[in-house]
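Chains as they are written, first to last, in the working numbering: chain Y, 91 to 235; chain H, 666 to 779.
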């Protein structure tokens, strides 16, 4: 079976739609503590946008957007942001992941809000990178790509 | 009841009717292509009608703007997904269903193809 490369409709629509999926994913991540959503859901949407490009345009083209070799370092960086925030809270005298003690700004409530935002960004980066790397590893054995 | 509510009831119930017709087509039609034909168009129209009814009920606000964005998203992606499915089936040489197909060889081929 030959590779189904040139379907203009699918490639055009996925190229058009995937930035908006990314935008909505960022909205879900950054609005996560006021509305349903958060790091995991937004990271999965971000990964879905990347995987949509991988599915429609093929592996070679999508390497320009997000290389397969970036996935593991980015996942590690996300986990590092998560644990780094927790450890900074530990250093400033609170419990692990006790954001109220991190001195971002003056009040405790703002500290908590910004700390949760840091945690969600870390989780989103880790989830996005791991989802993309799972897709790449699943695709590695197939003869099409 | 206001005019707004009556209009939204009409839109949402017609959307439910189209959704029912689409599911009926999915069950009753014989073939992959005809099933895709039934579900894709009718379901897209049904979702658009239901969300349009919700927009009318909501009035002029941020929520209805979000719903209109959802309408454009569904109207873009749902036919594209069906196009990709049907194209993949055609590339895989899935044969469509014919009513008059009496020679046994072709029938066997059809069964193999399906």
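Note that the Cβ used here is the ideal one computed from N, Cα and C, for glycine as well. Since we're looking at a predicted model, the values are computed, not measured.
Inset, instruction - Would you identify the three-state DSSP class for residue 225 (chain Y), choosing helix, strand or coil? - result: Along the first chain, one-based indexing puts residue 225 (chain Y) at 135. Helix.
Legend entry - Under the three-state DSSP convention, the category residue 695 (chain H) falls into: Here residue 695 (chain H) is taken as the residue at index 30 of the second chain, counted from 1. Residue 695 (chain H) falls in the coil class under three-state DSSP.
Legend entry - Straight-line gap, residue 92 (chain Y) to residue 759 (chain H) (C-alpha atoms, nearest Å): Indexing the first chain from 1 puts residue 92 (chain Y) at position 2. Indexing the second chain from 1 puts residue 759 (chain H) at position 94. Since pLDDT at residue 92 (chain Y) reaches only 45, below the 50 mark, its modelled position is unreliable, and the value read off the structure follows with that caveat. Roughly 15 angstroms separates the two Cα atoms.
Inset, instruction - Indicate whether the contact test is met: 3 or more Cβ pairs, each with one atom in the stretch 737-747 of chain H and one in the stretch 674-685 of chain H, closer than 8 angstroms. - result: no
Legend entry - alpha helix (DSSP H) segment containing residue 117 (chain Y), residue limits: As a working mapping, residue 117 (chain Y) is identified with position 27 in the first chain. Run containing residue 117 (chain Y): 98-120, per the alpha helix (DSSP H) assignment.
Legend entry - Helix, strand or coil at residue 188 (chain Y) [DSSP, three-state]: The count along the first chain starts at 1 and reaches residue 188 (chain Y) at position 98. Here residue 188 (chain Y) sits in coil by DSSP.
Inset, instruction - Determine, using beta carbons only, whether residue 222 (chain Y) comes closer than 8 angstroms to chain H. - result: Along the first chain, one-based indexing puts residue 222 (chain Y) at 132. No, because no Cβ of chain H sits closer than 8 angstroms to the Cβ of residue 222 (chain Y).
Inset, instruction - Would you check if the distance between the CB atom of residue 204 (chain Y) and the CB atom of residue 194 (chain Y) is smaller than 8 angstroms? - result: Here residue 204 (chain Y) refers to the residue found at position 114 when the first chain is read from its first residue. Here residue 194 (chain Y) refers to the residue found at position 104 when the first chain is read from its first residue. Cβ atoms of residue 204 (chain Y) and residue 194 (chain Y): closer than 8 angstroms.
Legend entry - Helix, strand or coil at residue 91 (chain Y) according to DSSP, with G and I counted as helix: To locate residue 91 (chain Y), count along the first chain from 1; it is residue 1. At residue 91 (chain Y) the pLDDT is 37, less than 50, meaning the model places this residue with poor confidence; the figure from the coordinates comes in the next sentence. In this structure, residue 91 (chain Y) counts as coil in the three-state DSSP scheme.
Legend entry - residue 172 (chain Y): first and last residue of the uninterrupted alpha helix (DSSP H) it sits in: Here residue 172 (chain Y) refers to the residue found at position 82 of the first chain. Where residue 172 (chain Y) is concerned, the enclosing alpha helix (DSSP H) stretches over 161-181.
Inset, instruction - Inspect the beta-carbon positions of residue 156 (chain Y) and residue 140 (chain Y) and report whether they are closer than 8 angstroms. - result: Position 66 of the first chain, counted from the first residue, corresponds to residue 156 (chain Y). Position 50 of the first chain, counted from the first residue, corresponds to residue 140 (chain Y). A contact, by the Cβ cut-off of 8 angstroms.
Legend entry - Inter-residue spacing [alpha-carbon to alpha-carbon] between residue 147 (chain Y) and residue 222 (chain Y): Indexing the first chain from 1 puts residue 147 (chain Y) at position 57. Indexing the first chain from 1 puts residue 222 (chain Y) at position 132. Near 15 angstroms, if we compare the C-alpha coordinates of residue 222 (chain Y) and residue 147 (chain Y).
Legend entry - Straight-line gap, residue 220 (chain Y) to residue 209 (chain Y) (C-alpha atoms, nearest Å): Translated into the one-based positions of the first chain, residue 220 (chain Y) becomes position 130. Translated into the one-based positions of the first chain, residue 209 (chain Y) becomes position 119. Straight-line Cα distance between these residues: approximately 17 angstroms.
Inset, instruction - Give me the Cα-Cα distance between residue 729 (chain H) and residue 109 (chain Y), rounded to the nearest whole angstrom. - result: Counting from one through the second chain, the residue named residue 729 (chain H) turns up at place 64. Counting from one through the first chain, the residue named residue 109 (chain Y) turns up at place 19. Going from the Cα of residue 729 (chain H) to the Cα of residue 109 (chain Y) covers about 22 angstroms.
Inset, instruction - Give a yes or no on whether 8 angstroms exceeds the smallest Cβ distance from residue 760 (chain H) to chain Y. - result: Start at 1 with the first residue of the second chain, and residue 760 (chain H) comes out as number 95. Cβ-Cβ to chain Y under 8 angstroms: no for residue 760 (chain H).
Legend entry - residue 198 (chain Y) versus residue 172 (chain Y): straight-line alpha-carbon distance, rounded: Counted from its first residue, the first chain places residue 198 (chain Y) at position 108. Counted from its first residue, the first chain places residue 172 (chain Y) at position 82. For residue 198 (chain Y) and residue 172 (chain Y), the distance between alpha carbons rounds to 19 angstroms.
Legend entry - residue 714 (chain H) beta carbon less than 8 angstroms from that of residue 679 (chain H): Mapped onto the second chain, residue 679 (chain H) falls at position 14. Mapped onto the second chain, residue 714 (chain H) falls at position 49. It is a contact, given that the beta carbons lie within the stated cut-off.
Inset, instruction - Would you mind telling me which residues of chain Y sit closer than 7 angstroms to residue 743 (chain H), beta carbon to beta carbon, in chain order? - result: Here the question's residue 743 (chain H) lines up with position 78 in the second chain. Those do not exist, as residue 743 (chain H) stays about 10 angstroms from chain Y at its closest Cβ, beyond 7 angstroms.
Inset, instruction - Output yes if chain H places a C-beta closer than 8 angstroms to the C-beta of residue 192 (chain Y); else output no. - result: As a first step, residue 192 (chain Y) is located in the first chain; it is residue number 102 there, counting from the start. With 8 angstroms as the cut-off, residue 192 (chain Y) does not count as an interface residue toward chain H.
Inset, instruction - Taking C-beta pairs closer than 7 angstroms, name the residues in chain H that residue 99 (chain Y) reaches, listed in chain order. - result: By one-based count along the first chain, residue 99 (chain Y) stands at place 9. Neighbours of residue 99 (chain Y) on chain H, chain order: 745, 748.
Legend entry - Minimum Cβ-Cβ distance from residue 752 (chain H) to chain Y less than 8 angstroms: Within the second chain, the letter at position 87 stands for residue 752 (chain H). Yes - at least one Cβ of chain Y is within 8 angstroms of the one on residue 752 (chain H).
Inset, instruction - Ignoring anything shorter than 3 residues or poking outside the stretch 712-760 of chain H, list the beta strand (DSSP E) runs there in chain order. - result: none
Inset, instruction - Give a yes or no on whether the C-beta atoms belonging to residue 752 (chain H) and residue 185 (chain Y) are separated by under 8 angstroms. - result: Against the second chain, residue 752 (chain H) aligns to sequence position 87. Against the first chain, residue 185 (chain Y) aligns to sequence position 95. Not closer than 8 angstroms, so no.
Inset, instruction - Take residue 136 (chain Y) and list the residues in its own chain whose beta-carbon comes closer than 7 angstroms to its own, dropping the five residues that flank it on each side. - result: As a first step, residue 136 (chain Y) must be located in the first chain, where it is residue number 46. Once the five neighbours on either side are set aside, the close Cβ partners of residue 136 (chain Y) are 112, 115, 214, 218.
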